[in-house]
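Colleague: Using the working numbering, the first residue of the sequence shown is number 826, and each one after it goes up by one.
Even for Gly, the Cβ is constructed at its ideal location relative to N, Cα and C.
Treat the numbers as computed from the prediction; the structure is a model and nothing was measured.
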Amino acid sequence: MTHDNRPLFAANWKMHKGPVATREFVAEFTSCYEPSEDRRVVVFPPSISVEAFRLAAVDRPDLGVGVQDVHAEAAGAHTGAISASMAVEAGAAWSLAGHSERRREFGDDDRLVSRKVQRVLASGLLPVVCVGETLEERDSGALTEVLERQVAAVLSAVEHKAHGDLTWAYEPVWAIGTGRTASPEDAAEAHAIVRNALAGGAGAALGKGATILYGGSVKPGNIKSLMEAPGVNGVLVGGASLEPGDFAAICKCPLG
Ligand code: PEP
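Here you go:
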């Protein structure tokens, strides 16, 4: 795969918007966001709405779509789960892995996240691997250790030739859905830690060229300062991505 390093604006809808609301979103979003060659836009709806998104956005190939999670196994007796190949069949090109809500609510630890990333890559989806520290970890001085551990677990599970296919999202857990945003300085510091960990595990060139998103209470009012922070190559947006106008305003952020 050729690495596309244009800035990436991604929406994580979590458990919001079924197929009907998804079609309504696409109609409104496409009326206020024109295709733009210098950036990428990807939406992660609930998996049940992926096909509705793809069909509603059939005239907008600039808008990517992905799933929020897949099972680590290819198929089998896993009631309620979806496989990576089903996600591909529904039109997804991307998958999140390791979101903090999965880690907290569903027991997705480093090992399981790594197995999911392997599965995502094997099925031809592009993973966005989420890493980030809790407030307790940050306050106890463990920021670097936590990020290095989360990055290393995934790198060691993935063949070197696929390291360049990984997109990363730094999402401080204390800033997700809390309205509390990391300052641009906090984001820059954490992105540098992730980038160094990537350089250490995958090589200097991959560390330098990796796409690392920031996520955590991103809004139209703070997107510009976050995108200007050194090492921030895009954003993963939760709450503010549910409103088509707000997400369009975020995606239209001027690039320096
Ligand atoms: C997220 O869920 O990935 C996220 C960053 O959420 P929010 O923007 O609502 O903090």
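(1) Can you check whether the CB of A1017 is closer than 8 Å to the CB of G1056?
(2) Drop a sphere of 10 angstroms on the beta-carbon of D829, count the other beta-carbons inside from all chains shown, and report buried for 16 or more, exposed for fewer.
(3) So does the stretch 857-866 actually touch the stretch 909-924, counting three or more Cβ pairs closer than 8 Å?
(4) So what does DSSP say about C955, is it helix, strand or coil?
(5) To the nearest angstrom, report how far apart A977 and A852 are at their CA atoms.
(6) Since G1002 sits in a beta bridge, which residues does DSSP pair it with?
(7) Rounded to whole angstroms, what's the CA-CA distance from I873 to E984? Just pull it up for me.
(8) Suppose only complete runs of 4+ residues qualify. What are the alpha helix (DSSP H) ranges in the stretch 885-914, listed by chain order?
(9) Give the DSSP bridge partners of T847, in chain order.
(10) Which residues does DSSP pair with R865 in a beta bridge?
(11) Report the three-state DSSP secondary structure of V979 (helix, strand or coil).
(12) List the endpoints of the continuous beta strand (DSSP E) containing V883.
(13) What does G1040 pair with, by DSSP beta-bridge criteria?
(14) Does the structure place the stretch 875-891 close enough to the stretch 923-931 that three or more beta carbon pairs sit under 8 Å?
(15) Closer than 7 Å: is that where the CB of K1077 sits relative to any heavy atom of the ligand PEP?
(16) G1040 and V1062 look like a contact to me (Cβ under 8 Å); what is the Cβ gap, rounded to whole Å?
(17) From what residue to what residue does the beta strand (DSSP E) around S920 run?
(18) Round the Cβ separation of L937 and N837 to the nearest angstrom and send it over; I've been treating them as touching at under 8 Å.
(19) Spatial neighbours of V866 within its chain, please: CB distance less than 6 Å, with the 5 preceding and 5 following residues excluded, ordered by chain position.
(20) Using a threshold of 7 Å, is the CB atom of S1008 nearer than that to any non-hydrogen atom of the ligand PEP?
(21) Which partner residues of T992 appear in the DSSP bridge assignment?
(22) To the nearest angstrom, how far is it from the Cα of S861 to the Cα of P1079?
Modeller: Once the coordinates are examined:
(1) yes
(2) exposed
(3) no
(4) strand
(5) 41 Å
(6) None; G1002 has no bridge partner.
(7) 31 Å
(8) 909-914
(9) Paired residue(s): none; T847 is not in a bridge.
(10) L833
(11) helix
(12) It is not in any beta strand (DSSP E) - V883 carries neither H nor E in the DSSP assignment.
(13) L1061
(14) no
(15) no
(16) 7 Å
(17) 919-922
(18) Rounded, the Cβ-Cβ distance is 19 Å, inconsistent with contact.
(19) F834, L888, C1076
(20) no
(21) V953
(22) 11 Å
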